[in-house]
Every structure is written in C-alpha cells, then in structure tokens.
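Peer 1: If you scroll down you'll find the structure; I have some questions about it.
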Amino acid sequence: MSAGRARDVNLVDGDLAKPLLLLSLPIVASQLMQVAYNLADTFWVGRIGADAVSAISFAFPIVFLMISFGGGFAVAGTVLVAQNKGAGNHDRVDHVAGQTLAFTVLVSVGLAVLGYVLTPTLIGLIGATPGSNVYALAVEYTRTIFLGVFFMFGFFMFQSLLRGWGDTRTPMYLMAFGVTLNLLLDPFLILGFQGNPLFGYVGLTGLEHSLFAATGFTGFGVQGAAIATVFSRGVGALVGLGLLFSGRVGIHLALSDMRPNPGTVRKIVRIGGPASIDMSTRALGITALTAVVALAGPDAVAAFGIGNRLNSLVFLPAIGLAQGTSTAVGQNLGADQVERAKRAVYLAAGGLAAVLAVVSVAAYVFAEPLVGVFITGAGAETVIAIGGDYLRIVGPTFVFLGVFRVTAGAFQGSGSTRTAMAFTILSLWVLRLPPAYALLSWFDMGPTGVWYAMAFSNVATAVIAGLWFLRGTWTENVVGSERAAGTGPAD
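In structure tokens, the structure reads:
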C-alpha cells in the first residue's frame with residue numbers, strides 16, 4: 082500500500098468514533114486555514130486604505146455565491162466516490178471522479194465567462210456607486226477572481242474527491258501549502274516593494290530599496306490580492322490533479338475517465354444541482370437577513386456581523402463533523418451497512434452536542450466580554466449590549482444548529498441532496514426571515530426580535546430534520562445494485 086493510500090480512513094469496519102474524528106479534524110484544520118487565508122487578504126489590503134477594504138467587502142457576496150455554486154457539485158463528487166468505494170467499485174471510483182472533475186471544468190468555464198461579463202452590473206446591484214473608486218476596485222478584483230474560477234473549482238474538487246475516498250489529510254497539507262504561498266505573495270503583489278511594511282517587520286529595509294530601485298514595482302493594489310488567491314489556488318489545483326493522475330492518493334484518473342458519459346453526468350447534476358441551490362440559497366439568506374437587521378440601524382448590523390464571526394468560529398467543528406459524517410454515511414450505505422451509517426450520525430451528533438452545550442453556556446455567561454473583543458471606541462457600548470443579547474438568545478440553540486448540520490450531512494452523504502436543500506430553504510426562508518421581519522417591524526421588538534427568530538429557526542429546523550431522519554427514507558444509496566463485480570463505467 083502506498084503512502085497516499087495509507088492516509089484514507091477505514092469507515093466500514095471496526096470502531097467508528099475514532100475514524101470519524103480522524104476524518105473530521107483535518108477538515109476543521111483546513112477551515113481554520115481558510116479563515117487565515119481571508120484574514121491575510123484583508124490585513125494587507127487594509128494597508129492601502131478604506132476604499133480597498135470596501136471594494137473587497139462589495140466583492141465578497143459575489144465570490145461567496147460563486148464558491149457556493151461550485152461547492153454543490155463538489156458534494157456530488159464526495160457522494161459518488163464515497164458510495165462506490167464502500168460498494169467496492171474501485172474502477173467506478175476512478176470513473177465518477179473523472180466525470181465530476183470534467184463536468185466541473187465545463188461549469189467553471191461557463192461561470193467564468195458569465196461572471197466576467199456581469200460583474201459590473203452585480204457590483205452595482207450590491208450597492209457600490211458606479212464611477213466611484215470603490216466600484217472600480219471591486220470590479221477589478223471580482224473579474225480577476227472569475228478569470229481564475231477554473232483553478233479554484235479544481236482545488237475544491239480535489240478536496241471533495243479525496244474526502245469521499247476517506248483521506249482528509251492530503252487536502253489539508255495542500256491547503257497549508259496554498260495558505261503559506263498566499264501569505265508570502267500578498268504583501269508583494271498588493272504593495273510592491275516601495276514602502277512595503279513587511280520589510281520593516283523583518284528588518285530588511287535595505288533589501289526593499291534595492292528591489293524597488295531594480296524593478297520599480299509598486300504592486301497591483303486590490304487586484305494583487307485576487308492574483309495571489311488565484312495563483313496559490315492554481316498551484317494547489319495543479320498539484321492535486323497531478324496526484325489524482327499519478328494514483329498516489331488512492332484515486333487513479335486516466336483521460337478516458339474524463340470523457341463525458343451521459344448517464345454519469347445526469348447523476349452528477351441530480352446530486353450536485355440541489356446541493357448547489359442549497360449552498361447558494363444559504364448565502365443569499367444571510368444577505369437577506371442582514372438587510373432585515375439593517376432596518377434596526379447600523380449598531381444592530383455591527384452586532385450581527387460580530388455574532389456571525391463568532392458563529393463561524395464556533396461551527397468549525399460542526400462543519401468538520403458534518404462533512405466527515407457525509408463520507409461515513411456514503412461509504413456505509415454503499416456497502417449496504419444502513420445501521421452502521423445511522424450509528425455514525427448518532428455518534429457525530431452526540432459528540433458535537435456535548436461540545437456545543439459547553440460552548441452555549443460560555444456564550445451565555447460571557448456574552449458581553451466576547452463581543453467586546455471585536456469592537457472598541459465610540460459607540461462600542463451600544464453594539465456590545467446588542468451583541469450580548471444576540472449571544473444570550475441564539476447561543477443556547479447552538480446545540481440544535483450543530484445537530485442539524487450533522488443530519489444534513491447525512492442526507493447529503495446518502496445522495497438525498499434535495500432533502501438537505503429543502504431543509505435549508507425551510508430554515509432560512511420560512512422559519513427565520515419572515516418571523517425576523519415580523520418581530521422587528523410589526524411587533525416593534527428591534528434586533529432582539531431577529532435574534533429570537535434565529536433561535537426559533539435553529540430549534541424548529543433541528544426537530545423537523547431529526548424526525549425526518551428517524552423515518553429512515555433517506556437511507557437508499559445512489560450506486561444502486563452495482564457492486565465490486567458490477568457493471569463497470571456505464572450507467
């Protein structure tokens with residue numbers, strides 16, 4: 082067995098708790114590195130000025146929506162690889178991996194062209210004023226990202242395919258490489274050599290002046306952040322593709338695997354389409370909820386933003402366990418081990434609930450101090466008070482939201498992505514947004530009404546999704562009757 086193959090976790094035999102942790106922890110680490118990635122861009126762009134930071138803020142919803150759309154088809158790769166591996170169909174693992182990768186390449190090319198053309202319109206719709214410096218910078222940044230969509234999607238697909246195989250460590254190492262490369266490129270591509278504070282930080286001001294004198298390079302500004310992101314993702318994508326074609330990571334692609342097969346492509350669309358809608362709807366829902374909170378004033382928006390940042394940190398374990406559960410469910414359903422698949426969900430949900438129960442208590446007790454870490458200066462007291470209410474009301478429901486994430490991961494792992502999509506729409510667009518608007522505007526509860534609506538949706542969605550999970554109708558796998566001695570590449 083090669084080193085690459087030794088990294089995959091055995092999820093269909095023996096103990097389940099330890100393999101789930103071994104699978105999930107690298108995902109959490111990768112998510113933390115993604116946060117570092119974003120913080121690095123913001124830090125170095127912030128050295129340019131307020132307009133530059135505003136430009137990235139306007140670009141973020143568009144980029145996030147694009148990533149969400151691509152992430153849905155990545156889910157299809159995870160599901161198909163996981164279930165075929167569990168079924169022992171190793172030849173079909175290579176086939177579905179190649180088909181998903183080829184389909185994603187085609188989608189990324191179309192998305193790049195469409196996004197590049199529509200970027201000026203989209204940036205204007207979000208609120209940037211056409212003709213302003215912020216607008217110009219946002220358009221430049223977003224268009225550069227769209228030009229590199231192929232590389233970004235390629236990197237996501239590598240992560241997803243390896244996750245379905247049961248190897249999350251290799252993608253973590255590649256993510257670490259990409260983050261390091263981005264961290265090194267950011268200051269130079271954004272600021273150039275003249276006046277670059279990095280030289281001052283490390284005591285190399287003489288080198289800075291020598292480089293500037295030799296090249297006269299002043300950096301690309303905001304666009305430099307986009308170039309650094311695209312380049313570092315591109316290198317990661319190329320390394321990942323090399324590993325997949327070499328066979329060193331368990332999956333062994335050949336060019337024949339990437340020749341479109343109509344049956345497999347239909348299956349990818351059937352699984353990935355709802356997952357894309359799910360993730361895109363979630364992104365749009367956050368934007369819509371922000372608009373509702375904005376009715377209560379800028380202090381409420383600031384408190385909401387801080388609350389979301391804390392949420393994103395709290396739920397890194399939830400994301401890791403949800404994705405790990407998806408793989409465990411996929412492989413065990415592929416192996417016709419339905420009860421073991423269910424047990425993986427119970428283990429993940431129970432462990433996460435225990436962790437988040439402690440987090441919920443801490444959030445309730447230390448609400449104001451936690452919010453205060455993120456804001457100081459004029460008006461901070463008001464924001465801290467509103468944010469404190471947020472944590473005291475929403476915090477106790479973290480357990481329910483975490484359990485729902487794991488349950489949704491189980492639905493996705495079985496291929497029931499339409500079910501997961503339906504619950505996301507129910508949670509955000511039925512149980513959260515309408516009550517939030519009603520409590521804020523009709524019952525004059527201000528931002529507190531929004532917090533109660535969020536808490537209600539967390540609890541209600543978890544209960545409804547849990548009842549649906551117990552019905553057991555989600556446990557049919559998507560590989561059908563094809564087993565190790567099965568039908569080969571044809572669908």
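For the sequence shown, the working numbering gives the first residue as 82, with consecutive numbering after it. We put the CB at the ideal spot given by N, CA and C, even for glycine.
What number of angstroms, rounded off, separates the C-alpha of Gly628 from the C-alpha of Phe550?
Peer 2: Outside the shown range of the chain, which is 82 to 572, sits residue 628, and nothing can be said about it.
Peer 1: Comparing C-alpha positions only, which one of Glu462, Gly490 and Pro528 sits nearest to Ala399?
Peer 2: Answer by Cα proximity: Gly490.
Peer 1: Roughly how many angstroms separate the alpha carbons of Val215 and Pro528, rounded to a whole number?
Peer 2: If I take the Cα positions, the gap works out to 29 Å.
Peer 1: Phe234: which of Thr310, Thr488, Asn170 and Gly431 sits nearest, CA to CA?
Peer 2: Among Thr310, Thr488, Asn170 and Gly431, the Cα nearest to that of Phe234 belongs to Thr310.
Peer 1: Consider the Cβ of Tyr533: report whether some Cβ of chain C lies at a distance smaller than 8 Å.
Peer 2: Protein chains in the displayed structure number just one, and chain C is not present.
Peer 1: In terms of residue numbering, what span does the alpha helix (DSSP H) encompassing Val316 cover?
Peer 2: Here the alpha helix (DSSP H) through Val316 covers Val303 to Ser327.
Peer 1: Go to Leu218, then tell me how far its alpha helix (DSSP H) extends in each direction, as first and last residue.
Peer 2: Unbroken alpha helix (DSSP H) run through Leu218: Asn214 to Leu228.
Peer 1: So does the segment 358-374 actually touch the segment 118-133, counting three or more Cβ pairs closer than 8 Å?
Peer 2: No, the segment 358-374 is not in contact with the segment 118-133.
Peer 1: Rank Gly300, Arg340, Leu266 and Val374 by C-alpha distance to the C-alpha of Thr185 and give the top, closest one.
Peer 2: Minimum Cα distance to Thr185 is reached at Arg340.
Peer 1: Can you give me the C-alpha to C-alpha distance between Thr181 and Leu520, rounded to a whole angstrom?
Peer 2: In a straight line, the C-alpha of Thr181 is about 44 Å away from that of Leu520.
Peer 1: Going by C-alpha distance, which of Arg224, Val346, Gly344 and Arg351 is nearest Ala306?
Peer 2: The shortest Cα separation from Ala306 among Arg224, Val346, Gly344 and Arg351 belongs to Arg224.
Peer 1: Classify Ser83 as buried or exposed, calling it buried when 16 or more other Cβ atoms lie within 10 Å of its own Cβ.
Peer 2: Its pLDDT being 42, under 50, Ser83 is placed unreliably by the model, and nothing is read from it.
Peer 1: Runs of 4 residues minimum, wholly inside the segment 509-535: which ones carry the alpha helix (DSSP H) assignment?
Peer 2: Listed in chain order, they are 514-518.
Peer 1: Please return the same chain residues whose Cβ sits closer than 8 Å to the Cβ of Val109, not counting the five positions on each side in sequence.
Peer 2: Taken in chain order, the residues that qualify are Leu397, Pro398, Ile400 and Gly401.
Peer 1: Is the beta carbon of Val144 closer than 8 Å to that of Val303?
Peer 2: Their beta carbons are not under 8 Å apart, which means Val303 does not touch Val144 by this criterion.
Peer 1: Would DSSP call Val330 helix, strand or coil?
Peer 2: Strand, per DSSP.
Peer 1: Taking the C-alpha atoms as reference points, what is the distance between Ala534 and Ile465?
Peer 2: Taking the straight line from one Cα to the other gives about 20 Å.
Peer 1: Please determine if the segment 165-182 and the segment 325-342 are in contact, where contact requires at least 3 C-beta pairs separated by less than 8 Å.
Peer 2: The answer is yes - the segment 325-342 touches the segment 165-182, with three or more Cβ pairs under 8 Å.
Peer 1: Put Gly366 into one of helix, strand or coil per three-state DSSP.
Peer 2: Gly366: helix per DSSP, three-state reduction.
Peer 1: Check whether the segment 328-347 touches the segment 432-448, counting contact only when three or more Cβ pairs, one atom from each stretch, lie closer than 8 Å.
Peer 2: No, they do not touch.
Peer 1: My output table needs one value for Phe485: the three-state DSSP class, helix, strand or coil.
Peer 2: Here Phe485 sits in helix by DSSP.
Peer 1: Which residues in the same chain have their Cβ closer than 7 Å to the Cβ of Gly317, if we skip the five residues on either side of it in sequence?
Peer 2: Taken in chain order, the residues that qualify are Phe236, Leu255, Phe258 and Gly259.
Peer 1: With DSSP as the reference, label Trp246 as helix, strand or coil.
Peer 2: Three-state DSSP puts Trp246 in a helix.
Peer 1: Apart from the five residues just before and just after Gly284, which ones in its own chain have a Cβ nearer than 7 Å to its Cβ?
Peer 2: Caution applies to Gly284, whose pLDDT of 49 falls short of 50 and renders its modelled position unreliable; the model cannot decide the point.
Peer 1: Helix, strand or coil for Val116 per DSSP?
Peer 2: Val116 falls in the helix class under three-state DSSP.
Peer 1: Excluding sequence positions up to five away, which residues of its chain have a Cβ less than 8 Å from the Cβ of Ala133?
Peer 2: Counting only Cβ-Cβ distances below 8 Å, and skipping sequence neighbours, we find Val126, Gly127, Leu218, Gly302 and Val303.
Peer 1: Return the Cβ separation of Leu97 and Ala425 in integer angstroms, given the expectation that the two are a contact with Cβ distance under 8 Å.
Peer 2: Yes, Leu97 and Ala425 are in contact; Cβ-Cβ is about 5 Å, under 8 Å.
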